Amino acid sequence: MNCKKGDLAYVVKSDFPENIGAVVEVIEPDVDRSFQLGAFMWRVKTAGRPMHGKNLNTGKLRSDAMTGVAFDDCLRPITGWTPEPGVIDEVFDPVPLFGEPEFPFGKVQQ
Numbered sequence: 077m078n079c080k081k082g083d084l085a086y087v088v089k090s091d092f093p094e095n096i097g098a099v100v101e102v103i104e105p106d107v108d109r110s111f112q113l114g115a116f117m118w119r120v121k122t123a124g125r126p127m128h129g130k131n132l133n134t135g136k137l138r139s140d141a142m143t144g145v146a147f148d149d150c151l152r153p154i155t156g157w158t159p160e161p162g163v164i165d166e167v168f169d170p171v172p173l174f175g176e177p178e179f180p181f182g183k184v185q186q
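Note that the numbering used here has the sequence shown beginning at 77, numbered continuously upward.
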């Protein structure tokens with residue numbers, strides 16, 4: 077798992093390119109959706125501008141979402157940790173930025 081409750085995280089994968097790089101606050105696990113979709117999801121809240129997304133219940137596209145859900149692998153936590161020179165090569169990067177299927181950030185629940 078990349079994130080934990082309370083983290084600030086960057087959106088690193090999204091079906092909506094304008095969401096990539098946005099900062100979200102990780103609120104809590106979305107257990108029901110994680111079970112339904114077979115991948116761990118978080119309830120998130122934007123830490124700034126509204127996001128683009130799609131309502132899972134209605135399929136309606138939105139461009140003003142301030143809350144929603146995101147797959148854990150679409151997020152990268154902002155840690156503030158700065159590695160010492162030479163250490164970065166030893167750090168495992170659990171979230172590939174390219175080559176994986178993208179999932180939308182804004183699966184908004186209303």
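Cβ atoms here follow ideal geometry from the backbone N, Cα and C, with glycine treated the same way.
Nothing here was measured: the structure is a model prediction, and the numbers come from that model.
Between the segment 100 to 107 and the segment 139 to 158 there are three or more inter-stretch CB-CB distances shorter than 8 Å, so the stretches are counted as touching. Around the beta carbon of Ser-90, a 10 Å sphere encloses 16 or more other beta carbons of the protein chains shown; the residue is thus reported as buried. Taken through DSSP and simplified to helix, strand or coil, Leu-132 comes out as coil.
DSSP, reduced to helix, strand and coil, places Arg-119 within a strand of the structure shown. Val-102 sits away from Cys-150, with the two beta carbons spaced by 8 Å or more. Partner residues in a beta bridge of Val-107, as assigned by DSSP, do not exist.
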